[in-house]
Amino acid sequence: VGDMSCTLLITSSAQISPRAGEEAPSDDNPSVDTGLVRERSYRQVDGGARRNNHSPHSQACLDNGGVQNMGFNMLDNSPPALRVRWAPSCQIPYHYHPTGALYFIQYGVMMFEGDGMTPDVPFYKGEVRWVRPGYAYGPEYNSDDEPMEITVLGTDTPPTFQVPPRWALQAA
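The opening residue of the sequence shown carries number 197 in this note's numbering; numbering runs sequentially from there.
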């Protein structure tokens with residue numbers, strides 16, 4: 197729509213082979229379960245609503261507009277997702293995801309403290325970051341001069357803002 201660029205990110209456990217409409221694979225294969233959800237979007241127009249992120253934020257972050265979440269519950273075999281929009285100069289403190297998380301950077305720049313690299317490595321639009329279950333890090337933050345939005349898979353359990361359990365630390 198319009199003259200803006202579009203970043204399309206597709207994830208799949210199968211090889212992605214772009215095809216024209218007439219060349220689509222057949223559902224006649226007995227391994228295909230046509231009753232499963234085959235595609236789903238996670239857009240505001242599809243029922244999402246923004247709400248303030250519950251983690252603590254600096255006054256500068258709040259003054260810039262804060263951090264808002266838009267959550268989508270699991271639907272049949274499709275995963276729940278969380279879209280998070282950040283105003284400039286925001287961060288979310290030290291935490292871990294009990295079931296892991298997969299971050300998709302929609303726009304802006306995101307950094308993570310605690311990955312053992314100095315300086316923190318930036319992630320840009322179109323890039324993806326996975327964290328294993330129980331891996332603690334933080335804060336995660338964006339740049340001071342532009343907003344950012346991410347989509348997160350692995351939100352079937354909320355992030356936990358404390359030291360992870362011993363099993364997670366031993367897996368490191």
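Built from N, CA and C at the ideal position, the CB exists for glycine as well.
None of these values were measured; they are calculated from a predicted model.
The Cβ neighbour count for Gly-330, taken over all protein chains shown within 10 Å, is at least 16; the residue is labelled buried. The Cβ atoms of Tyr-337 and Gln-287 sit closer than 8 angstroms to each other. Beta-bridge pairing by DSSP links Ala-297 to Val-327. For the 8 angstroms CB-CB criterion, Met-344 and Met-306 form a contact.
In the three-state scheme derived from DSSP, where H, G and I count as helix and E and B as strand, Gln-358 is classed as coil. In the pairwise beta carbon analysis, the stretch 278-285 is classified as touching the stretch 250-265: at least three pairs are separated by under 8 angstroms.
The three-state secondary structure of Ala-256, taken from DSSP, is helix. A direct Cα-Cα distance of roughly 29 angstroms separates Asp-259 from Thr-353.
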